[in-house]
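Below is one structure, written out as structure tokens, with a few remarks after it.
Numbering (UniProt numbering), first residue to last: 1 to 95.
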């Protein structure tokens, strides 16, 4: 797992959604957008599923490409988990 500070360097996102949301929170913490975090997490989850599906499709014909696609799926899974955790931390911060 990548530490949050290295998330953008570990993926090919430009701009990195995690860093953008973190900056938004620092500018105006009262308007922290938990729904936006969840929406981004869902997008990451969908991308993860697409990469897994494509990896399964090409695994017989091109195992090397399938491995690369699975690695991308893992990156999207890590992004999804981080965004979900960030939203959960914000929601349950006062409890």
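Glycine included, C-beta positions come from ideal geometry on N, C-alpha and C.
From a predicted model like this one, the values you see are computed outputs, not experimental measurements.
Kindly indicate the opening and closing residues of the alpha helix (DSSP H) around residue i.
{"i": "residue 64", "result": "63 to 91"}
{"i": "residue 40", "result": "34 to 58"}
Go ahead and label residue i buried or exposed: buried means 16 or more other beta carbons lie within 10 angstroms of its beta carbon, across all protein chains shown.
{"i": "residue 72", "result": "buried"}
{"i": "residue 85", "result": "exposed"}
{"i": "residue 89", "result": "exposed"}
{"i": "residue 60", "result": "exposed"}
If the criterion is Cβ atoms closer than 8 Å, does the pair residue i and residue j meet it?
{"i": "residue 41", "j": "residue 78", "result": "no"}
Closest to residue i by CA distance: which of the options is it?
{"i": "residue 82", "options": "35, 44 and 33", "result": "44"}
With 8 Å as the threshold, decide whether the Cβ of residue i is near any Cβ in chain C.
{"i": "residue 68", "result": "Structure shown: chain C not included; a single protein chain is present."}
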